[in-house]
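Below: one structure, written as structure tokens.
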Amino acid sequence: MKILSVSTATNFLTISLNEDEKVIKQVEEKDQRNHSEHLDPMIDKLLKDCNLSLKQIDRLAVAIGPGSYTGLRIGITTMKMFASILNKEIVGISTLQALAANKQAADSLTLACLDARNNNFFAGAYVNGEAVIADGHYSFEALLEELKKVLAEKNIQKLIILGSGMEKHEDLLNSLPCDIIWGNEEENLVHASQIAKLALTSEVIDADQLVPRYLRRTQAEMDWHKKTGKPFEPDSNYVEEV
């Protein structure tokens, strides 16, 4: 199965073409914020380099969040458009699950996190690929308590930390009753090749039902709620309204 996968969730733009578990070609740009300008040309070049067209792709996969609100919309909208026009299968993959896939071990807990500023994090924790702390928006203090609980309950002695921002709290993390393994530069980035591998066994959904998972309210939603007094609605309602 040929899978074209994309992540625009962070300032790291990554695109991959996989044949089942094999990575055929992956192209990436670090510290780029103009995803709307670069995504389509990079996809086009990748496919041309592999002598393929979009029509020959079997499945599309995209990171659906958490991450940059604008970045997520760019990647998801692009892949939804391809899926709808070409009638292709499409899968949405957690940004944190893809990040956690970079480094796992049978006897370890893998924490995947993205710095959400002000000592808050988008984070999730995984054991053998299974989520044991659900993807969410956590204060550092709340996340630390969740880690303590899981480490104790599952008697885990090693904690792998991937992503961004946690190094600021190294002293407090070292108080945890486990060995800590920090990811290297490449392991701390979301790679589209991991998204493609996860997409092999993930559920295909209707392209119209694929929406971002922001995991916290946008400022626009907060302003709308304050102005109207109406209760918050599912993310899909806001996406369809736009």
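Mapping of the sequence shown onto full-length UniProt numbering: position 156 corresponds to residue 156, and the numbering continues sequentially without gaps.
Glycine included, every Cβ here is placed at the ideal spot set by N, Cα and C.
Assumed close pair residue i, residue j - CB separation to whole angstroms, cut-off 8 Å
| i | j | result |
| --- | --- | --- |
| Thr-110 | Gln-104 | 5 Å |
| Ala-101 | Lys-22 | Not quite, the Cβ-Cβ distance comes to about 15 Å (not below 8 Å), so this is no contact. |
| Ser-108 | Lys-158 | 4 Å |
| Gly-165 | Asn-188 | Incorrect: roughly 10 Å between the Cβ atoms, too far for contact. |
| Ile-195 | Ala-98 | 5 Å |
| Ala-142 | Ile-93 | Not quite, the Cβ-Cβ distance comes to about 25 Å (not below 8 Å), so this is no contact. |
Sequence-distant residues of its chain with Cβ nearer than 7 Å to residue i (five each side left out)
| i | result |
| --- | --- |
| Ser-139 | Asn-119, Asn-120 |
| Lys-53 | A small correction: the amino acid at residue 53 is Ser; Lys does not occupy that position in the sequence shown. Excluding positions up to five away in sequence, the list reads Leu-47. |
| Phe-82 | Leu-54, Leu-60, Lys-88 |
| Gly-65 | Ala-9, Leu-72, Thr-95, Pro-212, Arg-213, Tyr-214, Leu-215 |
| Trp-182 | Ile-161 |
| Ile-180 | Leu-159, Ile-161, Leu-173, Asn-174 |
Counted within 10 angstroms of its Cβ, other Cβ atoms place residue i as buried (16 or more) or exposed
| i | result |
| --- | --- |
| Glu-59 | Here residue 59 turns out to be Arg, not Glu, going by the sequence shown. The residue in question, Arg-59, is buried, as its Cβ has 16 or more Cβ neighbours within 10 Å. |
| Ile-85 | exposed |
| Pro-212 | buried |
| Ser-128 | This sequence places Asn at residue 128; Ser is not what is there. Exposed, by the Cβ-count rule. |
| Arg-73 | buried |
| Gly-229 | exposed |
| Ala-123 | buried |
Limits of the alpha helix (DSSP H) - the one that residue i falls within
| i | result |
| --- | --- |
| Val-150 | 140–154 |
| Lys-45 | 35–49 |
| Lys-197 | 192–199 |
| Glu-170 | 170–173 |
| Gly-71 | 69–86 |
| Thr-95 | 95–100 |
Nearest neighbour of residue i, chosen from the options [CA to CA]
| i | options | result |
| --- | --- | --- |
| Leu-6 | Ser-202, Ser-84, Val-204, Met-42 | A small fix is needed here, since residue 6 is Val in this sequence, not Leu. With distances taken between Cα atoms, Val-6 lies closest to Met-42. |
| Leu-200 | Lys-158, Ala-106, Val-91, Gly-165 | Val-91 |
| Glu-28 | Ser-193, Gly-129, Leu-210 | Ser-193 |
| Cys-113 | Asp-107, Ile-133, Asn-128 | Ile-133 |
| Thr-78 | Asn-155, Ala-131, Leu-210, Thr-228 | Leu-210 |
| Ala-152 | Pro-177, Ala-131, Asp-206 | Pro-177 |
| Lys-168 | Gln-56, Asp-115, His-35, Val-62 | Asp-115 |
| Asp-135 | Gly-67, Lys-80, Lys-230 | Gly-67 |
| Ile-76 | Gly-229, Gly-124, Asp-40 | Asp-40 |
| Ser-175 | Ala-123, Glu-185, Leu-144, Ala-63 | Leu-144 |
| Asn-11 | Asp-208, Arg-216, Lys-154, Tyr-69 | Tyr-69 |
| Asp-206 | Asp-20, Val-150, Lys-80, Ile-93 | Lys-80 |
| Tyr-126 | Val-62, Arg-117, Ala-142, Glu-146 | Glu-146 |
| Gly-3 | Val-204, Lys-227, Tyr-214 | Note that residue 3 is Ile in the sequence shown, not Gly. Answer by Cα proximity: Val-204. |
| Glu-130 | His-137, Arg-117, Lys-149, Ala-106 | Ala-106 |
Residue span of the beta strand (DSSP E) that contains residue i, given as start and end
| i | result |
| --- | --- |
| Leu-159 | 158–163 |
| Tyr-126 | 120–127 |
| Thr-110 | 108–115 |
| Arg-59 | 59–65 |
| Lys-30 | Lys-30 -> no beta strand (DSSP E), and no H or E assigned at all. |
| Thr-8 | Premise fails: Thr-8 is in no beta strand (DSSP E) and is neither H nor E. |
| Ile-180 | 179–182 |
Residues near residue i in its chain [Cβ-Cβ closer than 6 Å; skip 5 each side]
| i | result |
| --- | --- |
| His-191 | Thr-14 |
| Gly-71 | Thr-8, Ala-9, His-35 |
| Leu-172 | none |
Same chain, Cβ closer than 8 Å to residue i, five either side skipped, listed in chain order
| i | result |
| --- | --- |
| Cys-50 | Leu-17, Ile-24, Lys-25 |
| Lys-45 | Val-27 |
| Ser-236 | Any reading at Ser-236 must be qualified, since the residue scores a pLDDT of 47, below 50, and its modelled position is unreliable; no value is offered. |
Residue i beta carbon near the ligand GTP (any heavy atom closer than 8 Å)
| i | result |
| --- | --- |
| Arg-73 | Of the ligands one can find in the structure shown there are none, so the ligand GTP has no counterpart to examine. |
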